[in-house]
Structures are given as structure tokens and as C-alpha cells.
Amino acid sequence: AQSVTQPDIHITVSEGASLELRCNYSYGATPYLFWYVQSPGQGLQLLLKYFSGDTLVQGIKGFEAEFKRSQSSFNLRKPSVHWSDAAEYFCAVGALRGSTDSWGKLQFGAGTQVVVTP
Amino acid sequence: NAGVTQTPKFQVLKTGQSMTLQCAQDMNHEYMSWYRQDPGMGLRLIHYSVGAGITDQGEVPNGYNVSRSTTEDFPLRLLSAAPSQTSVYFCASSSSTRQLMFEQYFGPGTRLTVT
């Protein structure tokens, strides 16, 4: 069965420190990978995506993520966090499998809540 | 472009009442989806549509109906609200182009409370 796991429910980080959020997936086909961010009371905004090619992808707001096929991971990183990065972050996975039932559908992880302290 | 819009933003219902959550997009996207978000569970797919007149069930469809009469609109109907349907509901849309079909654009959400 397909699954998306974000092992960390909650992370606290100091402003200016680095941040890494983990995402592991289990999929039977080549995955398309996404990170979304949700600020309090807001909808989801796409941070970055991976379809193919270079396994290190750059996104908005200074975020980057690395796809590691051997580890089935797509971890999100930011070298220096800002107070405005406090939000919930979701990893999502989709795949073009043989059946069209999967087309356009994303499976989301449970999310990681990031708190930024002064 | 307004993108994906949802109304209302907030709603309180009594058990057994019915209502429709509205969703519209102006990006001419063929794919549209409804999700519910509950603490610790991420987003779960309720229903989705790959075009006007075509809908299908997602992971948690029970208690919800959808229809898609136009490309722009994708309303979600709760026929008889239950407390278990207290949640935040998100509508999303995407292009039907390969790969881009997974790049979903989200509305701001509707926070529903059922008492």
C-alpha cells in the first residue's frame, strides 16, 4: 500500500538556525513529490516540487529539498529560518501508475508543525 | 485571477442539517478535488473530478456528495451533517497535463463545526 510518512509531528527551532523536515514514502511507481506549507488559518501553498532530473530542487522562501531514491526520502531544508517560517509543513506524493485511478491524486503526510523561537 | 475560491469561510451546523460548500476556480483546470483536514491526519481526499460530468470517490467519501456540471465549479454537499464531519475542508484544482495534474492549487478552506 502507498504511504507517506512525516516522522516528526512537531519541531522547535531557533530563529537563524537550520531546519530539516523529513519525509519518507512508499510507492510502487516513480513518484512526483511535493512540499506544501500552511500558515495558521490559511490554505496550502506549494513550496517546491520534484518530477525528475536534478535531485536537489529549489523552492520559494529559501527552501530546498533533496530526493533520495535509495532511501525513499524527500527531505526539506532551510539553512536559516525566519520567524515567518513558523507553520505546518506537508509532504505529498503522487504517481502515474498503470491505472488512471491514480492520476492527479496526491497522498499527504500527517504534517510537521514548526515553531520558531527568538 | 482569483485562483481557487471557497465559500463560506466558517459554518456551524446542527446534527442532521444539510449544506453545500462551494468551490470555484478560474484557471480552466480540469481536475478538482475536495479534502478534509483533521489534526494529526494530514489531508484526506473526499471526492475528485477529472472534468465536467465526471466524479469519483476518494479515501473518505461517506456522507458527502459532489457533482461537476461546469469546469469552474465543484460543490461539496453534506446531506445530513454529523459531528464526525467537523473539520476544515479544502478544495483544490490542477491541470490535466501529465505531471502538472499533481501540482494542486488550494483554496483558503472552510472551517465546519457540527454540533
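One line per chain: the protein sequences are A and B, in this order.
When the letters of the first sequence are read in order and numbered with this note's numbering, they come out as residues 1 to 118.
When the letters of the second sequence are read in order and numbered with this note's numbering, they come out as residues 1001 to 1115.
Glycine included, C-beta positions come from ideal geometry on N, C-alpha and C.
### Query
Is Met1041/B helix, strand or coil when you go by DSSP?
coil
### Query
How long is the line joining the alpha carbons of Ser1084/B and Val1114/B, rounded to whole angstroms?
8 Å
### Message
Relative to the C-alpha of Pro1088/B, which candidate in Glu1030/B, Asp1056/B and Leu1045/B has its C-alpha closest?
### Response
According to the sequence displayed, residue 1088/B carries Val and not Pro. Ranking the options by Cα distance to Val1088/B, first place goes to Leu1045/B.
### Query
For Gln107/A, which of Asp8/A, Ala87/A and Asn24/A has the nearest alpha-carbon?
Its Cα nearest to that of Gln107/A, the residue Asn24/A stands out among Asp8/A, Ala87/A and Asn24/A.
### Message
Would Gly62/A and Trp35/A qualify as a contact pair, given that the criterion is a beta-carbon distance under 8 Å?
### Response
no
### Message
Does the CB of Phe90/A have a neighbour CB from chain B at under 8 Å?
### Response
True, the Cβ-Cβ gap to chain B drops below 8 Å.
### Message
Using only CA atoms, which one of Gly41/A, Leu33/A and Ser14/A lies nearest to Glu64/A?
### Response
Out of Gly41/A, Leu33/A and Ser14/A, Leu33/A has the C-alpha closest to the C-alpha of Glu64/A.
### Closer than 7 Å at the beta carbon, the chain A residues around Phe1106/B
Gly43 and Leu44
### Query
What residues are listed by DSSP as bridge partners for Met1032/B?
Ser1049/B and Ser1093/B
### Query
Mind checking whether the beta-carbon of Asn75/A lies closer than 7 Å to any heavy atom of the ligand ADP?
This structure does not include the ligand ADP; it has no bound ligands of any sort.
### Query
Can the beta-carbon of Gln1011/B be found less than 8 Å from the beta-carbon of Leu1112/B?
yes
### Query
In the region 103-117 of chain A, which residues sit with their C-beta less than 9 Å from some C-beta in chain B, listed in chain order?
Trp103, Gly104, Lys105, Leu106, Gln107, Phe108, Gly109, Ala110 and Gly111
### Query
Skipping 5 residues on each side, what residues in its chain have a beta carbon closer than 6 Å to that of Leu21/A?
Leu76, Tyr89 and Thr112
### Message
Against chain B, with Cβ distances strictly below 8 Å, would Lys49/A count as a contact?
### Response
yes
### Query
Buried or exposed: where does His1029/B fall if 16 or more other Cβ atoms within 10 Å of its Cβ makes it buried?
Per the 10 Å Cβ criterion, buried.
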